[in-house]
Structures are given as C-alpha cells and as structure tokens.
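*Asks:* Pasting in a structure now, in structure tokens, and then I'll have a few things to ask.
Residue numbers (full-length UniProt numbering), protein chains in the order written: chain A, 1 to 862; chain B, 1 to 862.
Quick look at the structure:
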C-alpha cells in the first residue's frame, strides 16, 4: 500500500478569486508534486493545533477516545476528519446543536475512509469522529475519558469544544491578496516555467510547441495532472522535466449535450462523481439517470477520497491504456459505451473507448482531451428499457482495493412479441482487471445474447463463450476464482432482467426498473459493535485515562525516527538486495540513468572495518549476515547500500542496479519447509526453548470421546505491515562512537550487533528509540540490519547516514511472520474439552520467505 | 584578546607553479577571509591525524606529555608546532638523528609563541614541542607517559614516530594541476570578481577604475590585504563589497637602492622581517646594518607569528594613520626616518612618514604604495657614527602585547672638537602608543639636543621638553607610568652613547658600536624550570597515565558546544546589554545598517511565557534576572537578544543597537564596596556559610611577638578568561521539552533555572555538557544566563537557537571574579607562625562589576 496508506493526508485549500471562495479537499502529500499546487494553501495537523498553543478538538478527542496506539497514522486521520468536518459544515444543512458539526454519523463512518490503521482497529477512531456528528447519540460512543460508560452522563459540554466550520483558517489572507494581485499575470497565456524544469502550457498549441521545441531532447520528461499514477506505477528513474497539462482549458471542459456528457480528461475523479450525480439528478426521464448514477456510485469505490481528489479521470484511463492497470473506471466507462476525444498533433479524433484501449501504448504526442458518456434512456413508446449494472470483486467492499475483476453491463431490454419474455439488444458487456492487458468487451457473448430469449441453454452457452473470453494472463493470481466471478457477474445481471418484468401481463417496469441498487454497500447501515466493559471495582485499574503521547501523535509533534531533522551533511542509503535465492554475486553495476548519476558510493561487505564482522542481526538461533558476500544466501538478502544525497535519489538509483549472479557449484536452494526437512536443515533450538511433555498423552487419548489421530496444518507467511517502514539514522560522534536512532523493538540488541559489525566496544554505540510507527514483531531482530547498515555507512563515510526503506524494499527484505507447518494428534471429550494433544511444528525461520521462500534451517519442536 | 588567542591557527600552504615550490605559514583562521586565499591549501589539525586513521606524532606527544587540560587551545598549538617543524625541516641544516626534526630547542620554545593556554601553564606543551628538537636532551623533559622520570630510559624510539618534514602532504596534487592549468587565466590582467561581492584588481589603474565605476555607490566597501586589522578594530557593520588589493604588483615591490630599501605596502610583516634581516646581512659597511637589524628584531615582537604571516606592513601603518592605533611599526619606522610613496588618483607622491601620519584619516582614494627606509652608515672619514635604538614597554617581553609606549631613536654621533665629547646631529626621536593620535617625533627635544654636549643640565632640559611633548590623551590608562617610561627610554639612549666612546684618546668605535644588543629577549636563553617529582611507592597512584581525551582534543575531534553541527533551521542570538548601571530602559532601537537588516526579531522579557519567570541565574545568594526589565540593574545586564540567521549577523546587528535610558526617580547606583556598606546593601549569607570562630583571638594576640592591629587589603576583579566564551545551543523537542547544550560548570543548576524561566517541569529540560573550553569558575552560575536566554529564544521561536558570545560581550556581561576588600588584625610569633587572625571580608558579588561596577549587595563575613 505504498502511497496509499493516508498517513500523510493533508488538507489542500484552493482559492477562487472571482467567486472569492475557498474550496478544501484532502490529498496524499506523498503523491502531490509541489509545482502542481502553486498558490494553494496546505494545512497539516500541526496547523490545527499543538501542545504549546492549544490542541484542536479533533486532536483532543482522538486522545480522549483512545484512538491511537503507535500514532503513525494519526495525523492523516486528523486531517481526513478535519476535511470532512469543514466540508460538511459548509453545506446548506440546518445548523446543528451547539458544539456539533453538520456531519452525520453515517458520514462520520466514511470520513477517514482510506486512512489505514494497524493498531487500534478503527473503532475508537470512528468514535472520536462520530462525537462531532449532529445526529450522534453520545451514549453510544465507546470508552473515553470524558464520561464513564453507562453513567448516562454523556454530554457535549464534556467534550473538547468544537466550533462549527472547524475553527481554523485554511486560506491565509496574504495569499488571497497575492492571488488577486497576480490575476493579470496568471492570465497571460504563455507557458509558465517554474523551478526544477517544470512547464505549464496554457493551451494545446503550447503543449505541442513545447514538445516540438527540442528542449526535451534526451530528457526524462513526465506529463502530469495529479501524479497519483505514481502510487501504482512507481517512478523508475528521476525526471528532469515535467509538463503540467492541468492548466490546458480543453482538458477541463464539462459539456452537457442532449446525447450525453463530455468530461475533460483532467477533471478529478471526485469532481467527476459530483458531475455525474448532479447530471443524474437533473434528468427527468424515468430511469434515464441509471447509467450516470451507477457510474458515480462505482467511482466512489475507486482508490480513496484523498486520491480521487487529485487523480484525474483521464489519467486513470491513460494508465489503463498504457499498462495492464486494473482500472475500474475504464471497465465501467467501456460498459457505458463511452467514447474519447483525442488530439494527435493538429488533429482532433473521436474514437470509442474500446478502440482507444486497443491502440499501442500512448506517447506524449497524443493527448486525451475528454471522455464522452452517452445518455441511455428507456423508450416507453417502444417498450424498451435500459439496463446497466457495474460490479467489482475486491478485498474490501467500500473501495481502496484493487479489483480481482470488475465489469459493467449495458443493454436495451424489450419484450419478445409472442412470448412476452425479455430480449436484449445493444449489449455492452465489459470486463477488466482480471489479468488482462486492458478492459475488454465480451463481443462474442454480446452477439450470442442479442435478440435471444434467455433460456437455460442460451445462458449456458453465454457462460461457455465468456469462459473462452476471460482468460487471465500468465502469472495472474487466483485465475479460476476470477473467471468464476466473471460468470457470476453475468449470471447476476441476466437474472435481474426478468425481475424487471411485471407479470402476469408482462410489461416492462420502465419507471423503476433497476433503480433500486441490488448492493448498497456504498451507503451502508452503520457498523455494528460490541464492547466488553469492566466495572471500576478496582479503581484506578480499569479507569479510562489518557494514554501518554496521543495528543503529540495527533498534533504531529511526536518525533519518529524519520522526523528527526536531517543533521548537517546527512547522506541517505537504500539497500541493494539479492533477487536470487542462493547464488554467488559476481558484480554489481548500474544502468546509465539520471538516478545512477546521483550515486555517491556503494557500501558493501568490503567496507566492514578490520576487527568488525559481517553481521546484520542476531538472536537465540544465531547470527545473520549483514551482506550476502560472496554468496547471496536468499532472495531479499542485502548485498550493499547505495549512498546518495537524498532518500529519493538513493531509492531510484537502487532501481538501476544490475547484479550478476552465478549459481555454479551451488546446490539448489531450500525453498519450502518440506525441502528443509528433506535436507535435514534445522536450526539448533536452545534447550530452554524445547517444549517439555505435560501430562500423559496415551492416557488422554484413551479418555477421549473423539480423536484426531493425525492431521496437518499449514499457515502462510504474513507481512508485519507496520505503517512506518524500517528506518534508522546513524550519526558518527567523536572517539569512534556512533549514535543510532533506530525504529526498533529491541534497541539493546541492536547496540550489540552494531558494535560487533563495526568492531568497536559496546559503550561506543548508543541506540536511541523514542517510538516506533508500528512493529508487530517486524521491528524486533529485523530492525537490526537497517540500523547496522546505516551505522556501517556512517562509520565508513564519517557523515550521518539515514535509511528509510521504501515499502517495496521493506516487504522484500524483511519478509513476514514465519510460515508454519504443523502436525498434530488430539483427543477431545464430547463437550469439546481437550484431553490429549501432540503437536509437531515446523517453522520457516529463514530470511525473507516472502521474497523468494528459501528456508535455511527449520525449527523443529515436539 | 579576541582574534588573538591562536586557538584557530591553521597552516596555509601556497604553491608557486613557476618554481614548483610550496611555502607554508601559520595563520589565524578567524582573521583570514576565504576569498583572500583562493588557490591556497589549508591544513587543520584534523588533517594531521585522527583517532580513526591514526594520530600524528604531535597529537600523540601532546597527549603523552600531558600538554592539554580543557583542550580548547590544543588544535591551534598543534598547528603552530606543525608549521614550525615543517619549516625547520625545509632548512639547509644538516640531517638530524632519526626520529627528530631540524628544529632546535631554542626554536621549540618559540614555536607556538602567541598561542594562549589558560590551563597547563605552557610547560608540558613546551616539553611536547621540544621532544622533536634535534638538540634536545630527552632526559630534561617533564613527566610523560613514555618513560619514567629519572629512569635514564629516555629514548627517541619510545616516542611516537616523527618523520622528517612532518609526514603530511600540505598541498594536494589536484590543486597544483588546477593552478598550473589556470595560469594563463590567472595572468589575464582583468579585475577578478569572485563570489559575495569581492573584487581583485590587478593594477593601480584597475583599482581606481573600480572605485570610480560607481558600483560601490552606497555600499559598505572594505579594502583588504590580510584583514588582521579586524582583530584590533572589529567590524562594526557588514560589508557587501570587498576590494582585495593584495594582487596589485606595485604594492608588493621590493626595491634595493643605494640610499635604502623600498618595501611594498602589501608585504607581510613576517616577510618584511626576512627582507630586513637579509639586507642587514648583505651590508658590509661596519655598523651599516644597524637600523635594519634593529627594525627586524623589534618587528618580531609585533603581534604573533600567525598574525605577522598575513598582516601587511602597509596595513599596520594605515591603521596607525587612521586610528589612534598603538603601532610599534609606525614608531620605529618614524624613528628610522622612513618615507612613504602614495598614489592619490593619478599622482604618485613621496612624503615623510611623519607628514603621512599627520594627514587627515585616509580614504580609499589614496593608496599607500610602499615604505622607503633609508640606509644610515657611519662615516669613518668624518668620524661620524650612527646610533639607533628601539624600545617598547609591554606586558609581555616577547611580543603579542600592545605597548604602553614605544620609541625609536636615530642620530649621528660625532666628537666635539675641543672636548672629544659626543655630539648628536640628525636626530629622529619617535614616540608612540602612549595615548596619542599617532606616533610623533619629539622635535623640540631633537632641536634642543642637536649639537649640544650631553651635560646633566642639557639632559635635564631634554627631559623637561619630553614631558611637555609626551602628553597621553584623556582616558589613557596609567598616564604617569607611560611618561616616565618615555623619559627612561631617552635617558637610556643618551647614556649608551657615551659607552661608544673609547677613552682615553676619545674616538668613536664605529665598527662595533651599538652592534651588541642591550636587550636580547628576542633570543632568550632557555627558560628555567623546576619540577616536583613524587616516587612511585604507591603505584599506580602517581604513575603518569594518559588523560582521557587529550588525543581527541589535539586532533580536533573533541566536540565543544559550538562544534555541534548547527541543527536544521538554527537561529543565532546575541545579547543586548545595558551600558548604564541603574536605569529604566525606555526603548530599544537599531541604527539603519546592513547588519540591522539581518535582524529577524528581538527576544526580551515580554517573551517569557506566562507561568515562567524572569530568571537568568540562581545560587545560594538568590536569583538573578535574565533581563533587566523595566530597570537595568547594572551595566552589562541583558536587556534582550537579537536573533539572526548567523552568529555574525547577530553580533554585528547588536552593535547597531540604540537603547534609550531614563534614570528619573532612581537613586544613584552603588558602584563600590564602600558605597554598598554605606547603603547597608548586603547579601543574605546562608547560615552554613557564616564562618565560626576558631580558638581564642585575644589569647592568640596576647601570645604574639608581632602584631598587626588593623589593616586593609583590596583585590581587584579579574576576568576568568576561559578560551571558549560562554555558549549554548537550545533545541526544542516535542511536548514542550527543551534540550540545551551548555558550556557549564553546573549543568544541574542550569536545568532548574531554564525550567523556572520557561515555566515547565524540570523533567522537560535536558542540559547536556560534554566539556567546557575552560571555566575557572566563570562557567558556574554565569553560564546559566546564556543557556536560559538560548532556551527562551528557542521556546518562543520553536527553532533551535545558538548563542556564542563574542569576547567583548562576554567580558562585559560575565564580569570577573569578585573584587574583595578585607580588613584584618593578626598576631605572629617571631618565626612567622600565626597566633591570631581576625578577618572581615567584603566581596563585591554584583553582576558584571568590570563593565561598570555596581554592587547590589555585599557579602559580609566575620
């Protein structure tokens, strides 16, 4: 979920000098490019309040409702909540009771949708947010420090005061004046050139003039609107030029026509949803709003609110065109029979979305101008109704998850003259995201179904044809599941059609058909909850008290390792890791690229000082190497550290690495628990960790009513998924000493590993951990490698070195909780009581099993 | 001694590409402007060695000879010693024994002349330096860790190895190549313009073209050669333009003529000394070298070696022309009847030095080109001899101290025909530095003495006339002393003349007269020493062991407070202090100036948070205010802190302050111990500090053979003179916490004062003191004000704030050890044993008694 967690959400406020209006929306700061937001105002949680000037009600209530543990996600939560409150309070709804917002409880449940939290389980956060809602019943909220549960003392006056509107100025007056006074200047229709190679063309002509000017000769140029695509397709190299096409008026056009609506490609998805909702609200023809309404509803499940606010409609479709991107939007617009307007040099073209998606990947010489979505209206004269439905199967029903498969089906239904049974025509059956180059129409199925009665054999044939059409690409996960869901979607669509037919006279219910959603997850009923309450008999035990530091976390004051300001001359490192499970590393080179030019040096095993050891981690099962040298022992093992002047340079430079491997004379790697057993490859289990027999197994089995004589359980590995990835900052100090700030669950062990690696006394190493942004076991021994690598680099280079693993490196190198295979026999009484248990557990305790599962040794327990 | 302590001495190496020669000299880095040393190489003590790569022999021997305590001066010591070794080893002297340098013991004693140390007393440093000398007797050196004293085991092989030449490359090859390849470019005779407004004219014409070009319109422009004048006349404001005239060839001319020698004004003083020595060595006429030799010898007492290496001869004379600068050089050149060449626009003039000094203060339109020193040779035909002598009276005989008075006397001596007694003619009697606008000739005395026999009445009249001439300006310290020394100098000169006359035939001893120096302090015999040795009966007590950290201090790795790299967004503060002893502060304003433009804000008492207190220091006698508000209680009390982006900006901005005072309705301040007693103004002495009577005073007095019935002792205040001035770095951290790095002798008390001032709990304040660069009591309670002020500024501004007092502010604000007045009665036995003592001590315990001695309260002890 890199670039999708919401921890960095901020409020962006935009000022319209003509209307003298400020509009506010949330956005991920990690995806927002600073030259894209010139003249905007940014509010972070630090801008809401702080411990010195006073905290904001949101921050205080996050604390009072115990809504934070590690606190890493809390600033983003606060900003999503604040944006929701600020926007709700701007609505024309009636004034709420004093102390409340206009936000509703139902909106409160979705106020921070997309903000991930790994510790609290969301419930307390929802409580904090609901406490602002005008329709909340305060008694229903969970444990908090403001009143005792069940004491009927819940009262808004006990809550930290909230002022309608949020009470924070989101757009400073000086910036308004600056905008007003520079209005003339801004309207001058020249390409604006801002710092760092940014170009802002103001017209299509200017765009092409720019492209043809030759200034982008050998440059890496990036054409951007919202830049949220970088959340999916991460930058592979640095860019030295950017063209911001968001300022070209043709790309922001909204044209309402009789035949449909044309939406400029640069329109944000959230704005598109609003437009579609407004449009469907304005259509008086019964059922005429169906397509727009369903599209809007589906789009509100795409990504997260803070991504939809900046991501453009066109950008999504372009990603779908260029990459095998699992776009919902391309599929549903394809299902809605949309067309696109393109600019190719001086020509304007209109092609169907289908044709567009099938073209070779777009290059900057073609501009996607707009998307046209046709109106589909029932015709009561011809008794023809419109049917339209969209579907998505994804890990989370409310969105913010890539679909396993999505689809959208459009058709006209009329009644077959003699039988009165429904017949379909004008079918658009679109499928996407199932492991395809791009969304497709199931044309054979469309043709097959057109004009036919939906008899069981017709439907069965349709399913056969669909199975031939929906063929996931090689390497797609769960291919069978995806195909079967596709069939299910089609079946569901076809079966719903007959529901629209009024018996016994058999007419089409045109006014209401398909207007009721079969699935209303987007406006869900409030989530249920259950809370276990303890009495206060043993007061103060059990009494709700504020957790130390939540306010600091909520106000953004809490300093995590990467929040420590970079010391003077700080350098940044990123790991090079092995992509082979067991291989000699012959050479490490870099592709020529902008990013490679930023490499200052590469630190590897050769840089370990004499007297030091190649050690990166240590625990009761032994030591782990810091660097795989000369043999990379497993995929994900560090081979070196790329050093550059910024973390971004280091990260992108690492992507240019070319490692040459050689597996000559090496045995095949051990990749599974079974292979480990077969190769007799076990860890030495320290005696104190070998379980001792308790009771008499045979006796227990004899007493059992039911017996499991032998069975096998397998548990897959699981990524720890702390919000803050592994990070460390090493600062060399006088007399060969080293201060290492480490996000570690075991700073005391980190110290000894670092000292061993550098070959210096323990007292020369100081490891400081103030807090971690989530650990869940993943920042125990796994944090040592990062801290030790940073310390080694700092020691060698005599400058501070910071390492902050990107999510992808983190997942590959850190791996997950160990996959387990267990065998057991057990006996039970009829009431379920266990009388006997014999358990054998095999744990894959190797490094990085997720990256490429190599077990080095296996822990064997009886 | 700001800019005169030598702690920042570095080696500057200069490369001559034509001769392929590197020359090395020491210089104060605090006085050296970086644009003045383009293409030079700098070696600091870090460049000699360090704990990670290995230490240099100098650093190891500094440690082994216990040659460091606080360590603040040690890097400068090392660099002065290294420069001396490197230059000695380049000489044509025979190769020394393996492991030794060509330096002699006598040179070793002067190797770091001018480097001040406040802790060790120099002896161990001299030992460390002497250990390199080719003619040293190692047994004579003091206690060290290499061998036991008196064990006759002293052996060079036991010392850390020294390689002849120093073993450090002082000029890197890449820079040599760069210089060679840019030779053509450098020779292009255009004005070079380097960064930050620096202009480097290459000819006199270019200089005037620059001046007349108008580019210096309203600018603050500084004309520089060595910039060492800034050590005496500190910059009062920022400059935005500099003209470096060191590159104008006419200013570096050396012209040897029959009539004398012309020396370019930009010639460094050290080079001038060399030239004069060479010149005097090349003169074959007996006694013809007298003037040059005496001038060279006198100049080697001016300032310090590391200042003489960059300070120009002309710069010194220009200071003497423009300011009442206590120049020795101007006086002795005046005495030597020198003339100067001036460029005034397109005209070249030659005027006597006397005329030059009397002109109105020079402005940049006049250039001092060169100084001409005439030859003075005896004439054996006419039996006329030359007499010349220079004198200085100063706190230190070897130099590096401003003279109370200096003088130089030149004359021709011939024998009066009838009597054969000496008669003087052509007299030049120059006096300076006694509190005069500039050096003068005592013309009345000269006229009076010319042609007269030196009878007692003639000499007495000369003394009378001299007393009328030498009249120190109002405000000069010790005026009577200075005048009496002037008389002494003249008397000494006159009396020496008769010594040159050979009786009984009375002829002038022309060949040797005045060739023997009356005062040879410049080539002193080795300093004597006495060492108390303890046996090693109680080993390991008394065994010499390395002090922890000396190597770190010597290698420059030791981190003092101001060595901590500036944190991100660090701001800098400098105190505004009161110049009145007791007055209301009505307003604080700033003169318009370049420096004033750099002021970001001024922090004062109004910025103390509610809940905090105006407290800057605290001890058993009570609290001291941080800021004098609304009343400045004493001169030197802080009124506020000027905040700027650099320490230099803050320091110079502070100099622009205009404080308006008002003493209406205030009593006169208490300025002396006596006034305090009169006003009954006492501290409350805590009971445990009140001394108790021991024994029986009356009985003791009765038993005494000798009695002092009552007497009074006064001890003046004394500045602590730590090398590192008061400094602190305050860094705000989360949750209203503050980390303060303080150079403090009482960090635990600093913590409580800071917490009280900010109104936060003690545990929110962390005071860190790793080491101090000397304290001597002055960094006890006096360090709290600085730490507290920095903390307050950082708290208010929410950014790190650093304060590093300049020496002048430090001396004014910190004051000194308390002046004491004591009365006592005592009785003694004949053998000196005390039988009775009654002591009453009055201590001026006020703030900053030196600045303007106001006693607030007085400690009274019996």
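Just so it is clear, CB atoms sit at the ideal spot from N, CA and C, and this is done for glycine as well.
Can you list, in chain order, the residues of its chain whose CB lies under 8 Å from that of residue 887 of chain B, leaving out five sequence neighbours each side?
*Replies:* Within the shown structure, residues of chain B are numbered from 1 to 862, placing residue 887 of chain B beyond reach of any answer.
*Asks:* Determine contact between the region 79-91 of chain A and the region 159-179 of chain A, defined as no fewer than three beta-carbon pairs at a distance below 8 Å.
*Replies:* Cβ pair count under 8 Å is three or more, so yes.
*Asks:* Just curious, the beta strand (DSSP E) that residue 228 of chain B is in, first and last residue?
*Replies:* Residue 228 of chain B -> no beta strand (DSSP E), and no H or E assigned at all.
*Asks:* Classify residue 15 of chain A as helix, strand or coil using the three-state DSSP reduction.
*Replies:* If DSSP states are grouped into helix, strand and coil, residue 15 of chain A belongs with the strands.
*Asks:* Please specify which runs of the beta strand (DSSP E), each continuous and at least 3 residues long, are wholly inside the region 680-751 of chain B, giving them in chain order.
*Replies:* Taking only runs of at least 3 residues, the beta strand (DSSP E) segments lying wholly in the region 680-751 of chain B are 706-715, 727-733, 737-742.
*Asks:* List the residues of chain B that residue 190 of chain A touches, going by C-beta distances under 7 Å, in chain order.
*Replies:* Result: empty, since nearest Cβ-Cβ is about 33 Å, beyond 7 Å.
*Asks:* Pick helix, strand or coil for residue 517 of chain B, following the three-state DSSP scheme.
*Replies:* Reliability fails at residue 517 of chain B, whose pLDDT of 44 lies under 50, so the model's placement of it is uncertain and the value that follows must be treated cautiously. DSSP places residue 517 of chain B in coil when its eight states are reduced to three.
*Asks:* Under 8 Å between the Cβ atoms of residue 659 of chain B and residue 793 of chain B?
*Replies:* It is not a contact, given that the beta carbons lie outside the stated cut-off.
*Asks:* So the candidates are B/598, B/227, B/546, B/626; which of them puts its Cα closest to the Cα of residue 35 of chain B?
*Replies:* Nearest of B/598, B/227, B/546, B/626 to residue 35 of chain B, Cα basis: B/227.
*Asks:* Under the DSSP definition of a beta bridge, which residues are partnered with residue 341 of chain A?
*Replies:* Answer is A/350, A/370.
*Asks:* Please report how far the alpha carbon of residue 138 of chain B lies from the alpha carbon of residue 23 of chain B, in whole angstroms.
*Replies:* Between residue 138 of chain B and residue 23 of chain B, the C-alpha separation is close to 30 Å.
*Asks:* DSSP state of residue 512 of chain A, grouped into three classes?
*Replies:* Low confidence applies to residue 512 of chain A: its pLDDT is 48, below 50, so where it sits in the model is not reliable, and the reading given next is rough at best. Coil.
*Asks:* Which residues, in order along the region 550-562 of chain A, keep a beta-carbon less than 7 Å from a beta-carbon of chain B?
*Replies:* Those residues of the region 550-562 of chain A that come within reach of chain B (Cβ to Cβ, closer than 7 Å) are 552, 557, 558, 559.
*Asks:* Under the assumption that residue 28 of chain A contacts residue 47 of chain A (Cβ atoms under 8 Å), give the Cβ distance between them as a whole number of angstroms.
*Replies:* Contact flag wrong, Cβ pair sits at about 17 Å.
*Asks:* I want to verify the contact list: residues of chain B whose CB lies under 9 Å from the CB of residue 591 of chain A, in sequence order.
*Replies:* What residue 591 of chain A touches in chain B: nothing, since even the nearest Cβ is about 30 Å away.
*Asks:* Taking 8 Å as the CB-CB limit, is residue 735 of chain B close to chain A?
*Replies:* For residue 735 of chain B, the answer is yes, since a Cβ of chain A falls inside 8 Å of its Cβ.
*Asks:* So residue 561 of chain A and residue 727 of chain A are in contact, right, with Cβ under 8 Å, and what is the actual spacing, rounded?
*Replies:* Contact flag correct, Cβ pair sits at about 5 Å.
*Asks:* Pairs of beta-carbons, one from the region 720-740 of chain A and one from the region 784-793 of chain A, closer than 8 Å: are there three or more?
*Replies:* Touching, yes, given that three or more Cβ pairs across the two stretches are closer than 8 Å.
*Asks:* May I ask which residues mark the beginning and end of the beta strand (DSSP E) holding residue 427 of chain B?
*Replies:* First-last of the beta strand (DSSP E) with residue 427 of chain B: 422-432.
*Asks:* Residue 545 of chain A and residue 145 of chain A: beta carbons closer than 8 Å?
*Replies:* Yes, Cβ-Cβ distance for residue 545 of chain A and residue 145 of chain A is below 8 Å.
*Asks:* Using the three-state DSSP reduction, which class does residue 442 of chain B fall into: helix, strand or coil?
*Replies:* If DSSP states are grouped into helix, strand and coil, residue 442 of chain B belongs with coil.
*Asks:* State yes or no: is the beta carbon of residue 94 of chain A nearer than 8 Å to at least one beta carbon in chain B?
*Replies:* Output row for residue 94 of chain A: interface = no.
*Asks:* Between residue 516 of chain B and chain A, is the shortest Cβ-Cβ distance under 8 Å, so that the two count as touching?
*Replies:* Here residue 516 of chain B scores only 43 on pLDDT, less than 50, and its place in the model should not be relied on; the value that follows carries that caveat. Residue 516 of chain B does not count as touching chain A.
*Asks:* For a contact meaning CB atoms closer than 8 Å, what does residue 566 of chain A contact in chain B?
*Replies:* Residues of chain B passing the Cβ test: 568.
*Asks:* With a threshold of 7 Å, establish whether the CB of residue 393 of chain A neighbours any heavy atom of the ligand HEM.
*Replies:* Because no ligand of any kind appears in the structure shown, any question about the ligand HEM cannot be addressed here.
*Asks:* Using a Cβ cut-off of 7 Å, pull out every chain A residue sitting near residue 52 of chain B, in sequence order please.
*Replies:* Residues of chain A passing the Cβ test: 736.
*Asks:* On a Cα-Cα basis, can you pick out the residue from A/241, A/547, A/756, A/559 that is closest to residue 737 of chain B?
*Replies:* Closest by alpha carbon: A/559.
*Asks:* Quick check on residue 174 of chain A: buried or exposed, where buried means 16 or more other Cβ atoms within 10 Å of its Cβ?
*Replies:* Looking at its Cβ environment, which holds fewer than 16 other Cβ atoms inside 10 Å, residue 174 of chain A is exposed.
*Asks:* Provide the residue(s) that pair with residue 407 of chain A in DSSP beta bridges, ordered along the chain.
*Replies:* BP columns for residue 407 of chain A point to A/391, A/431.
*Asks:* Comparing C-alpha positions only, which one of B/208, B/276, B/422 sits nearest to residue 344 of chain B?
*Replies:* Checking every option, the nearest Cα to that of residue 344 of chain B belongs to B/208.
*Asks:* Mind checking residue 429 of chain B: buried by the 16 CB within 10 Å criterion, or exposed?
*Replies:* Buried.
*Asks:* State the Cα-Cα distance for the pair residue 595 of chain B and residue 242 of chain B, rounded to the nearest angstrom.
*Replies:* Residue 595 of chain B and residue 242 of chain B: Cα-Cα distance of roughly 16 Å.
*Asks:* Apart from the five residues on each side of it in sequence, which residues of its chain come closer than 7 Å, Cβ to Cβ, to residue 395 of chain B?
*Replies:* Same-chain partners within the cutoff: 401.
*Asks:* Opposite residue 379 of chain B in the DSSP bridges: which residues?
*Replies:* Residue 379 of chain B pairs with B/384.
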